[in-house]
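Notes for the one structure printed next.
2 protein chains.
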Amino acid sequence: MAREFTAADTTRGPRLPRLERRAQLLEAAQSVFVDKGYHASGMEDIAERAGVSKPVLYQHFPGKLELYLALVDKHTAALVELVEAALNESDDHKDRTYASIRAFFDFVAREDEPFRIVFESDLNEVAAVRERIGWATEACVDAISRRIMLDTELPQPVARLVAQGLVGMSQVSARSWLRDGTIPLDLAVEIIGRLAWRGVGGQRARFVAPA
Amino acid sequence: MAREFTAADTTRGPRLPRLERRAQLLEAAQSVFVDKGYHASGMEDIAERAGVSKPVLYQHFPGKLELYLALVDKHTAALVELVEAALNESDDHKDRTYASIRAFFDFVAREDEPFRIVFESDLNEVAAVRERIGWATEACVDAISRRIMLDTELPQPVARLVAQGLVGMSQVSARSWLRDGTIPLDLAVEIIGRLAWRGVGGQRARFVAPA
DNA sequence: ACCGTATGGAAGTGAAGATCGGCATCGCGA
DNA sequence: TCGCGATGCCGATCTTCACTTCCATACGGT
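Protein chains in written order, with the UniProt record's numbering: chain G, 1 to 211; chain C, 1 to 211.
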């Protein structure tokens with residue numbers, strides 16, 4: 001005969017106060033979204049990872065989308081803060097350049113990999129997500145281009161495009177650096193920093209003889 | 001009384017030979033995927049855009065994924081070809097740098113916007129897609145880093161990271177240039193080219209006085 | 001001991017990918 | 001010109017899957 005299963009059989013964590021539970025759910029959700037992306041992640045998975053059942057999720061968030069947006073907000077804000085802080089670290093143009101690059105590498109190197117959500121979201125088709133991520137890169141680009149305009153004489157549209165280039169370079173190279181995993185962070189920042197500051201032409205070149 | 005609807009009532013395109021139909025379906029699929037991304041696009045939408053019914057789609061492609069992969073293959077190949085061609089355009093290190101940047105801008109500027117599928121795919125959680133796009137960037141980075149190693153004395157891992165940075169810079173700035181839409185292509189390439197070649201430090205700087 | 005709140009098992013709902021059987025059209029040979 | 005097999009095509013349906021919700025149950029403070 002099948003014996004009755006009581007609640008005590010299921011491994012169940014302690015009852016948590018609302019705010020702690022919410023924080024824990026966000027953490028679980030992040031972990032799942034980072035692993036599998038938005039679409040491939042189910043509310044079931046998230047609940048399971050958090051050690052609770054699905055209804056609990058819905059008592060804290062109206063739906064899957066809002067749960068995701070909460071994470072997007074959190075991490076875009078963190079990134080923008082990081083970049084702005086880096087830009088205020090030094091008065092020297094070159095130091096600032098290196099520092100802002102390091103900001104992206106630091107962000108990408110974080111243990112919980114929030115960059116997957118900011119840089120590799122698979123939910124860009126939704127306006128709410130697109131706008132938030134757009135806002136974040138906009139904020140980074142604005143901050144950087146403002147400093148560029150102070151330090152050089154480039155007109156605004158040009159400064160903006162340059163800033164976009166720097167952001168893209170940092171972001172993409174940081175991600176590939178992490179994937180690769182063989183280069184120490186400081187060295188990687190030095191390499192990309194030198195590229196950003198001196199350009200390819202500034203790497204000790206072995207000049208080809210003119211014809 | 002309701003009159004009988006015959007096939008002639010429904011706006012129906014002419015019957016097409018198999019290969020032409022397939023090409024047309026690919027075109028329709030691309031148009032839809034580019035507009036809405038993979039997940040938000042339905043087979044229904046694609047069939048409708050092509051002016052056929054769903055079963056026709058399945059007579060040409062085993063499923064939605066394969067349809068998408070066909071497009072990914074097509075466009076990644078095109079991008080790699082474009083970059084490799086650019087690298088063979090000139091023997092001058094600087095010219096090559098500019099040319100490879102222009103390759104990305106050209107790719108992004110294409111009318112049918114294939115870059116949405118290569119650079120902004122929302123299906124990276126699927127291994128088959130990740131591998132193909134990974135292969136494409138790998139190929140670009142390889143080609144560029146090989147040239148960098150010929151022109152400079154950078155060791156291989158460094159050259160690879162630098163190449164990654166250049167690719168990221170080109171790709172991201174090209175996309176934002178397109179979004180912005182106010183800067184002529186040639187000027188944008190000049191700006192990013194100068195950044196890549198000279199670095200931020202090489203832009204006519206208004207130096208801050210040392211303390 | 002009791003009541004409100006937190007929690008889980010299980011069922012509802014809807015969207016979208018995939019399929020089935022039949023109809024129309026085309027090319028070809030008598 | 002007519003018949004006929006082959007091919008292209010469609011309406012309607014099936015099936016699966018994941019978000020969401022309902023109701024009974026267990027816990028914890030008073």
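C-beta: ideal position from N, C-alpha, C; glycine also. Treat the numbers as computed from the prediction; the structure is a model and nothing was measured.
- Beyond the five residues adjoining it in sequence on each side, V34/C comes within less than 6 Å, by CB distance, of E113, R116 in the same chain, given in chain order.
- Collapsing the DSSP output to three states places T182/G in coil.
- Residues of the region 115-126 of chain C with a Cβ closer than 9 Å to any Cβ of chain G, in chain order: E120, S121, D122, L123, N124, E125, V126.
- For chain C, the residues of the region 24-53 of chain G that bring a beta carbon within less than 7 Å of one of its beta carbons are K36, G37, H39, A40, in chain order.
- In the three-state reduction of the DSSP assignment, G51/G falls in the coil class, being assigned neither a helical nor a strand state.
- Excluding five sequence positions before and after F61/G, the CB atoms of its chain that fall closer than 6 Å to its own CB belong to L67, given in chain order.
- In terms of Cβ geometry, R175/G and L87/G do not form a close pair [threshold 7 Å].
- Taking all protein chains in view, the Cβ of S53/G is surrounded by fewer than 16 other Cβ atoms within 10 Å, so the residue is classified as exposed.
- Residue-level contact check: S176/C touches chain G, since one or more beta carbons of chain G fall below 7 Å from its beta carbon.
- Per DSSP, S41/C is not a residue of any alpha helix (DSSP H), being assigned neither H nor E.
- For S100/C, the uninterrupted alpha helix (DSSP H) segment begins and ends at 93-109.
- 7 Å or more divides the Cβ of E84/G from the Cβ of A127/G.
- In terms of beta-carbon proximity, R198/C lines the interface with chain G, with at least one pair separated by less than 7 Å.
- Counting along the chain, V80/C sits inside the alpha helix (DSSP H) bounded by residues 64-87.
- V72/C has its alpha-carbon roughly 30 Å from the corresponding atom of A29/G.
- Taken in chain order, the members of the region 93-114 of chain C whose beta-carbon sits within less than 8 Å of a beta-carbon on chain G are H93, K94, T97.
- Neighbourhood of T76/G in chain C, by CB distance below 9 Å: empty, with the nearest CB roughly 16 Å away.
- Secondary structure of D142/C (DSSP, three-state): helix.
- Judged by DSSP in its simplified three-state form, G199/G adopts coil rather than helix or strand.
- Annotation: D106/C to A70/C spans about 22 Å, alpha carbon to alpha carbon.
- Among the residues facing chain G, S173/C is included, as its CB has a counterpart in that chain under 7 Å away.
- Using a C-beta cut-off of 8 Å, the region 175-192 of chain C makes contact with the region 161-173 of chain G, since at least three inter-stretch Cβ pairs fall below that distance.
- Leaving aside the five residues that flank A109/G on each side, the residues in its chain whose CB is nearer than 7 Å to its CB run, in chain order, L178, L185.
- G201/G has a beta carbon lying within less than 7 Å of a beta carbon in chain C.
- DSSP places F115/G inside the alpha helix (DSSP H), whose first and last residues are 115-119.
- For A188/G, the neighbours in chain C by C-beta distance under 8 Å run, in chain order, L161.
- Residue state for P14/C is assigned as coil, using DSSP reduced to three classes.
- Of the residues R194/G, R132/G, L19/G, the one whose Cα lies closest to the Cα of G165/C is R194/G.
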